[in-house]
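Peer 1:
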Amino acid sequence: MSNQRQHPRTPMKCRIRISHPSFGELVAQTRDLSDGGVYVRHVDLLALPLGAEVTGQVQDLPIEAPILRMRVMRVDAEGVGLRFCSEEDERRYAAE
Numbered sequence: 001m002s003n004q005r006q007h008p009r010t011p012m013k014c015r016i017r018i019s020h021p022s023f024g025e026l027v028a029q030t031r032d033l034s035d036g037g038v039y040v041r042h043v044d045l046l047a048l049p050l051g052a053e054v055t056g057q058v059q060d061l062p063i064e065a066p067i068l069r070m071r072v073m074r075v076d077a078e079g080v081g082l083r084f085c086s087e088e089d090e091r092r093y094a095a096e
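Residue numbers (full-length UniProt numbering): 1 to 96.
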């Protein structure tokens with residue numbers, strides 16, 4: 001199986017607040033980051049379906065980080081792979 005990633009991953013551990021209507025808010029740990037998304041570890045995220053939209057905000061920075069919209073692209077035993085949402089994503093998901 002070939003690697004189909006468009007963006008290289010960078011290992012990065014930080015706290016991130018994730019919000020979704022099914023659980024409210026939780027604070028989780030990132031594992032890695034790329035220009036296209038982030039992998040987040042937390043057991044409560046495992047119940048999210050593929051395509052679910054969440055918001056996330058990195059914590060503990062010297063300034064308040066932006067709140068970003070992200071979509072669940074992968075779920076495994078440790079957490080979820082989230083892709084940063086773009087206007088193109090919104091048009092595609094609205095059409096489905």
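No residue lacks a Cβ here, since even glycine has one placed at the ideal position from N, Cα and C. Since we're looking at a predicted model, the values are computed, not measured.
By the DSSP assignment, the beta strand (DSSP E) with P41 in it spans what residues?
Peer 2: Within the sequence shown, residue 41 is the residue found at index 41, counting from 1. Note that residue 41 is Arg in the sequence shown, not Pro. That run of the beta strand (DSSP E) goes 37–41.
Peer 1: Do R9 and G79 count as a contact pair if the criterion is CB distance below 9 Å?
Peer 2: Translated into positions along the sequence shown, residue 79 becomes position 79. Translated into positions along the sequence shown, residue 9 becomes position 9. No. Outside cutoff.
Peer 1: Assign R71 to one of two classes, buried (16 or more other C-beta atoms within 10 Å of its C-beta) or exposed (fewer than that).
Peer 2: Start at 1 with the first residue of the sequence shown, and residue 71 comes out as number 71. The residue is buried, with at least 16 neighbouring Cβ atoms inside 10 Å.
Peer 1: Tell me, which residues are paired with G81 by DSSP?
Peer 2: The residue labelled residue 81 in the question sits at position 81 within the sequence shown. Answer is Y39, R74, bridged to G81.
Peer 1: Is L45 helix, strand or coil when you go by DSSP?
Peer 2: Taking the sequence shown and counting its residues from 1, the one referred to as residue 45 is at position 45. Three-state result, L45: helix.
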